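A.B. asks: Residue numbers (the numbering used here): 1381 to 1561. Quick one: this structure, given as structure tokens, is what I'll be asking you about.
Spelled out as structure tokens, the structure:
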């Protein structure tokens, strides 16, 4: 009991917060992509993007096909407006995990950010046909409106998003813009 008590007391510092926990794990298992990913995700939640990208990159160094690291580094690149890098991660993520909805969504967003509107619209169409969500309609509508000047298609998408989520004010704002064009 004394030995277990001592070991438990010694580990209390490790459980201080998520960063100390995952730092302890990467210290003992430096090639663990899961540990580096989780440490990076903690930084992502804190909006510390350079640190998040660094740790997610370390996870990918350990396993270049680690899905969570690839997805979240792509998202972090989107958040930091490094759209070319985001597209690179999104393409790899989608290539190896095409069945994942998150892979198609990240790729659609990356295509849009990289001025590849037609490809983004096609992916949103695929997402809408397999798992319709108001966000997908809204995002596709934004592309129709801002980049393709297809205002009727945009209005239709915004109205569908409103039907699915009538409490989202940005959908109403977007549809109202269609009436001013």
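Even for Gly, the Cβ is constructed at its ideal location relative to N, Cα and C. Predicted, not measured: the structure shown is a model, and the values here were computed from it.
Is residue 1513 helix, strand or coil by DSSP?
C.D. replies: The residue you call residue 1513 lines up with position 133 of the chain shown. Reduced to three states, the DSSP call for residue 1513 is coil.
A.B. asks: Are residue 1432 and residue 1470 close, meaning C-beta to C-beta below 8 Å?
C.D. replies: Here residue 1432 corresponds to residue number 52 of the chain shown, with the count starting at 1. Here residue 1470 corresponds to residue number 90 of the chain shown, with the count starting at 1. Taking 8 Å as the Cβ cut-off, residue 1432 and residue 1470 do not qualify as a contacting pair.
A.B. asks: Given this structure, state the Cα-to-Cα distance separating residue 1420 from residue 1555, to the nearest angstrom.
C.D. replies: In the chain shown, counting from the first residue as 1, residue 1420 sits at position 40. In the chain shown, counting from the first residue as 1, residue 1555 sits at position 175. For residue 1420 and residue 1555, the distance between alpha carbons rounds to 37 Å.
A.B. asks: Sort 1528, 1458, 1517 by Cα distance to residue 1427 and report the nearest one.
C.D. replies: Numbered from 1 along the chain shown, position 47 holds the residue referred to as residue 1427. Comparing Cα positions, the closest option is 1458.
A.B. asks: In three-state terms, what does DSSP make of residue 1546?
C.D. replies: Counting from 1 along the chain shown, the entry for residue 1546 is found at position 166. DSSP places residue 1546 in coil when its eight states are reduced to three.
A.B. asks: With a cut-off of 8 Å, do at least 3 Cβ pairs link the stretch 1459 to 1468 to the stretch 1434 to 1448?
C.D. replies: Short answer: they don't touch.
A.B. asks: Which residues mark the beginning and the end of the alpha helix (DSSP H) in which residue 1440 is found?
C.D. replies: Within the chain shown, the letter at position 60 stands for residue 1440. Run containing residue 1440: 1429 to 1442, per the alpha helix (DSSP H) assignment.
A.B. asks: Would you give the residue range spanned by the alpha helix (DSSP H) that residue 1397 belongs to?
C.D. replies: Translated into positions along the chain shown, residue 1397 becomes position 17. Taken as a continuous stretch (DSSP letters only), residue 1397 belongs to no alpha helix (DSSP H), as it is neither H nor E.
A.B. asks: If you drop the 5 nearest sequence neighbours on each side, which residues of the same chain put their C-beta closer than 6 Å to that of residue 1517?
C.D. replies: Here residue 1517 is taken as the residue at index 137 of the chain shown, counted from 1. Contacts found: 1537, 1540, 1541.
A.B. asks: Between the Cα of residue 1413 and the Cα atoms of 1385, 1557, 1447, which residue gives the shortest distance?
C.D. replies: Position 33 of the chain shown, counted from the first residue, corresponds to residue 1413. Taking only the C-alpha atoms, the option nearest residue 1413 is 1447.
A.B. asks: Are the CB atoms of residue 1545 and residue 1514 nearer to each other than 8 Å?
C.D. replies: Here the question's residue 1545 lines up with position 165 in the chain shown. Here the question's residue 1514 lines up with position 134 in the chain shown. Their beta carbons are under 8 Å apart, which means residue 1545 touches residue 1514 by this criterion.
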